[in-house]
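Peer 1: Below are the structure tokens for one structure; questions will follow.
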Amino acid sequence: MAALLSLEMLQNKLAHTILPRVLYIEDDIELANLFKQQMEQEGFLVDLAHTGAQGLTYLAQHPYELVVLDYLLPELNGLQVLRHLVENERHPPAIMVTSEDETAIMVEALRLGIADIVIRNGESSRSEHLPNLVSRVVRQYRWQMQRESIVEDLYGQNRKLALLNRATQIITSTLDEEQIAAQLVSSICEFTDAEGSSVWLVKPQASGEARLECVAIFANGEHFAPRHVPLKLDEGIAGWSFSQNETAIVNDVERDTRFSIASDVKLGFRTKSLLAAPMRAPDRVLGVLELVNKRSGPFTSIDQTLAETLAGSAAIAIENARYFQDLNRNAEELRLRNEELDAFAHTVAHDLKTPLSIITGYADMLRENFELLHPDEADLYLKQIVDNGMRMNHIIESLLLLAGVRGASRIEIEPVDMMTIVHESLNRIEFMIAERKAVIHLPDSWPSAMGFAPWLEEVWYNYIVNALKYGGEPPELTFGYDFPDEFRVRFWLSDKGTGISEEDAASLFTPSLRFPRGDKRKGYGLGLSIVRRIVERLNGTVGAANLPDGGAIFYFILPAVVGEAG
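Here this note's numbering is used: the first residue of the sequence shown is 906, the next is one more, and so on.
And the structure:
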């Protein structure tokens, strides 16, 4: 990469080669004009100075590739001018012309770094040899400058490669997405001399729509906390780069119709030039790396190469970090599911054992004493057998429902009619409502929500059965809803029972045994754990709490239908 970049720079330099410029300091105007005429015929630009002081003035004003000066000059002689010249470390070479064959002058001139000395032995010698000498010295100087430039470019690019390698190692060595983004923005500013940079990643919004969201900002040597400035996936130059999967270089944003000033307004920044590179993972684009306001000229193809290289490494690192997080999350979920399965097995064994023991006991009594039992007593035994058989059947149906919820790979989540669902649930236990003389309070209307009707009927069924059992004597049940925010709706059912014990609160929606707890509620078996599993599959949450005036409230929260939330 370094060799390619240096070759590009060298080609650029050669493409813009200009005529060599020479300063000739000579007090003899006729000789000076003759030299100027000869050298301009050879393709040189020549400036003439007639005193040493005037020569120094020209040197301060213009860059020269060679200085030719006479030793005998007014005001300052050639050696004095030469001493001023060499004070500048990157001074051009010099040729001294003298008619005095003095060893001391030549030794001092050579000590000061003179390129060559021409001793005047006649006019013909000067006119014939000096132009050739000038051409040779300028060629040597140009070659030396080109070589130094190439070496300097190579050194700079090798340094950038080393920094790029170090930055890539740092980026790929962490599994923290924030650290990756922070390292990316600081490194790219160092490489490209950009005033600032930012990382925009695709993030789902509360509305369900994906947007480009700023996750890291670096400007003027400092990290800044990213502000919530989401962009549409095709908004602005960053959105264009993301949607087109192409790098955009815009060195005057005011002339580019794709530029969106919204980010500048929110961030209090002024963008003048911009480079946006897509962050490409192997199978998709994760976001965009933006660079703004390059300090040393316009953004170039070299900056593009550096940005794309670092953005690609960061994209792969972010993808790996997400895979690792998913792996940890899946491992944790598997652990929790295994614990949950153990609890389910324990709960089911307990819930089935009780009715099965009753059935076995009454069946055994009927077998042993059938002929001695009064018909009414036998009917009582048979009723107990049937009732407990139905209890077992309900437990098995609950297990089948739970297995269906856990195993369903795809369900159609759509707007549901909550009023119809609630009435269907109440109809299923109409006998229980009548038996317990329950008082039911329903709202006049219900909002829609995103869900799956058959499962939500089971949610309400379990909440209602639970409230009928523990909601007071007689139970008084109040149904309702509210909106935590514009994207969610909360449905709830309150009662006037004894409330929720502190012991029950922590494990209310997990499988547990029904241990007696005095007058408080006695645990909830499979019912509420099924509720939690269903609602979580529908991208919602469940909860319960005691009410200030007594009783409890059980609720579940679902995504609202867009436009219906209060």
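Yeah, the Cβ is synthetic: ideal placement off N, Cα and C, and Gly gets one too.
Quick check on DSSP: helix, strand or coil for W1351?
Peer 2: If DSSP states are grouped into helix, strand and coil, W1351 belongs with coil.
Peer 1: DSSP three-state call for F1414: helix, strand or coil?
Peer 2: In the structure shown, F1414 sits in coil (DSSP, three-state: anything other than H, G, I, E or B).
Peer 1: Could you name the residues that DSSP lists as bridge partners for D1390?
Peer 2: BP columns for D1390 point to R1393.
Peer 1: Identify which residue in F1388, R1442, Q959 has its Cα closest to the Cα of L974.
Peer 2: The shortest Cα separation from L974 among F1388, R1442, Q959 belongs to Q959.
Peer 1: To which residues does DSSP link H996 through a beta bridge?
Peer 2: DSSP output for H996 lists no bridge partner at all.
Peer 1: Counting Cβ pairs, one atom from each stretch, are 3 or more of them under 8 Å apart for the stretch 1447-1457 and the stretch 1397-1408?
Peer 2: Yes, since at least three Cβ pairs between the stretch 1447-1457 and the stretch 1397-1408 fall closer than 8 Å, the two stretches touch.
Peer 1: Taking all protein chains shown into account, do 16 or more other C-beta atoms lie within 10 angstroms of the C-beta of G1018, making it buried, or fewer, making it exposed?
Peer 2: The residue in question, G1018, is exposed, as its Cβ has fewer than 16 Cβ neighbours within 10 Å.
Peer 1: Which same chain residues, not among the five before or five after I1439, have their C-beta less than 7 Å away from its C-beta?
Peer 2: Here the set comprises V1310, W1360, E1363, V1364.
Peer 1: Quickly, what does DSSP pair T956 with across the bridge? List them, please.
Peer 2: Looking at the DSSP assignment, T956 forms no beta bridge with any residue, so it has no partner.
Peer 1: For I1166, does the count of other Cβ atoms within 10 angstroms reach 16, so buried, or fall short, so exposed?
Peer 2: I1166 comes out exposed.
Peer 1: Could you tell me which residues DSSP pairs with L974 in its beta bridges?
Peer 2: Its beta-bridge partners are I930, M1001.
Peer 1: Nearest by alpha-carbon distance to Q1230: which of T1079, D1161, A1121, V1344 is it?
Peer 2: It is T1079.
Peer 1: When you compare the CB positions of N1150 and P1187, do they come within less than 7 Å of one another, or not?
Peer 2: In this structure, P1187 does not lie closer than 7 Å to N1150 by Cβ.
Peer 1: I need the boundaries of the alpha helix (DSSP H) containing F1096, first residue and last residue.
Peer 2: Where F1096 is concerned, the enclosing alpha helix (DSSP H) stretches over 1082-1097.
Peer 1: DSSP beta-bridge partners for V1170?
Peer 2: Its beta-bridge partners do not exist; DSSP assigns none.
Peer 1: Under 8 Å Cβ to Cβ from V1158, same chain only, skipping five residues before and after it: list those, please.
Peer 2: I1142, F1164, T1176, K1177, S1178, L1179.
Peer 1: Looking at the structure shown, is D1208 part of a helix, part of a strand, or coil, going by DSSP?
Peer 2: Residue state, collapsed to three classes: helix.
Peer 1: Which same chain residues, not among the five before or five after K1425, have their C-beta less than 6 Å away from its C-beta?
Peer 2: Annotation note: pLDDT 45 at K1425 (below 50); position unreliable, no value reported.
Peer 1: On the criterion of 16 or more Cβ atoms from any shown chain inside 10 Å, does L919 qualify as buried, or is it exposed?
Peer 2: In this prediction, L919 scores a pLDDT of 40, lower than 50, which makes its location untrustworthy; the coordinate-derived value is nonetheless stated afterwards. Exposed.
Peer 1: Do N1367 and G1432 count as a contact pair if the criterion is CB distance below 7 Å?
Peer 2: Cβ atoms of G1432 and N1367: closer than 7 Å.
Peer 1: Taking the C-alpha atoms as reference points, what is the distance between V1023 and H1034?
Peer 2: Each residue's Cα considered, the two are about 9 Å apart.
Peer 1: Mapping the DSSP letters down to three states, classify Y1460 as helix, strand or coil.
Peer 2: Three-state result, Y1460: strand.
Peer 1: Can you tell me where the beta strand (DSSP E) with T1446 in it begins and where it stops?
Peer 2: Where T1446 is concerned, the enclosing beta strand (DSSP E) stretches over 1446-1451.
Peer 1: Could you check if M944 is buried or exposed, using at least 16 other CB atoms within 10 Å of its CB as the buried criterion?
Peer 2: Per the 10 Å Cβ criterion, buried.
Peer 1: Indicate the three-state DSSP secondary structure (helix, strand or coil) for K1199 in the structure shown.
Peer 2: Of the three classes helix, strand and coil, the one that applies to K1199 here is strand, per DSSP.
Peer 1: Using 10 angstroms around the beta-carbon of V1043, count the other beta-carbons present and answer buried if the total reaches 16, otherwise exposed.
Peer 2: Classification for V1043: buried.
Peer 1: Going by DSSP in three states, D1454 sits in which element: helix, strand or coil?
Peer 2: Residue state, collapsed to three classes: coil.
Peer 1: Taking DSSP as the reference, what is the three-state secondary structure of V1056?
Peer 2: It is helical.
Peer 1: Using CA atoms only, rank isn't needed, just tell me which of F1392, I1263, L987, M1324 is closest to E1114.
Peer 2: Closest by alpha carbon: F1392.
Peer 1: What three-state label does DSSP hand I1316 in the structure shown?
Peer 2: In this structure, I1316 counts as coil in the three-state DSSP scheme.
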